[in-house]
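Read in order, the letters of the sequence shown are residues 1 to 123 in the UniProt record's numbering.
These notes concern the structure reproduced below.
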Amino acid sequence: MANEESQLADFTTDGCSMFPDGTNEQPTLWRHCCVAHDFSYWQGGTYQQRKLADKALRLCLAEVDLPSLGSMMEIGVRLGGSPYFPTPFRWGYGWPYMRGYKALTEQELVKVAEKAPSNLKDY
Numbered sequence: 001m002a003n004e005e006s007q008l009a010d011f012t013t014d015g016c017s018m019f020p021d022g023t024n025e026q027p028t029l030w031r032h033c034c035v036a037h038d039f040s041y042w043q044g045g046t047y048q049q050r051k052l053a054d055k056a057l058r059l060c061l062a063e064v065d066l067p068s069l070g071s072m073m074e075i076g077v078r079l080g081g082s083p084y085f086p087t088p089f090r091w092g093y094g095w096p097y098m099r100g101y102k103a104l105t106e107q108e109l110v111k112v113a114e115k116a117p118s119n120l121k122d123y
């Protein structure tokens with residue numbers, strides 16, 4: 001039986017967490033950016049991977065023509081997404097709390113692939 005450290009929860013997303021997923025006119029305008037970001041946060045990994053995920057969120061919002069919003073959200077996730085906060089949106093939230101920053105092993109990468117949604121656009 002696998003120990004608790006090796007357990008990966010199913011992927012979940014709440015979209016943009018404590019931020020709207022879009023505008024009143026287009027309520028899911030940038031949700032896809034947040035879902036992709038959540039996928040990175042769910043699987044976790046190294047500190048550098050987290051920085052890249054946060055940058056990708058900012059760049060995705062810039063592609064939606066919202067660069068200032070992207071910069072603001074990047075600051076928010078940099079401040080609130082630490083793996084050391086016991087939140088449902090922390091870095092590596094698919095793994096048990098206090099995993100911290102560490103590269104995924106080959107076995108963990110297999111688990112991520114097995115549990116990864118076939119299409120993030122379905123979320």
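Glycine included, C-beta positions come from ideal geometry on N, C-alpha and C.
Note that the coordinates shown come from a computational prediction; the quantities given were computed from them, not determined experimentally.
Limits of the unbroken alpha helix (DSSP H) element including residue i
i	result
residue 160	Any question about residue 160 goes unanswered here, given that the chain covers just 1 to 123.
residue 53	47–63
Whole-angstrom C-beta distance between residue j and residue i, which should lie under 8 Å
i	j	result
residue 104	residue 35	Their Cβ separation, rounded to whole angstroms, is 20 Å, which puts residue 104 and residue 35 out of contact at 8 Å.
residue 83	residue 44	7 Å
residue 73	residue 19	6 Å
residue 56	residue 41	No, residue 56 and residue 41 are not in contact; Cβ-Cβ is about 11 Å, not under 8 Å.
Through-space distance from residue j to residue i, alpha-carbon basis
i	j	result
residue 90	residue 78	10 Å
residue 46	residue 8	16 Å
residue 110	residue 76	30 Å
residue 94	residue 10	7 Å
residue 29	residue 65	11 Å
residue 61	residue 22	11 Å
residue 27	residue 69	15 Å
residue 14	residue 101	22 Å
residue 96	residue 71	29 Å
residue 106	residue 112	10 Å
residue 81	residue 59	18 Å
residue 167	residue 85	Because the chain spans 1 through 123 in this model, residue 167 falls outside it and cannot be assessed.
Proximity winner among the options, relative to residue i (alpha-carbon distances)
i	options	result
residue 51	106, 92, 97	92
residue 39	71, 17, 85	17
residue 123	63, 59, 37	37
* Start-end ranges of the beta strand (DSSP E) lying completely within the segment 73–121, minimum 3 residues -> None, since the segment 73–121 contains no complete beta strand (DSSP E) of that length.
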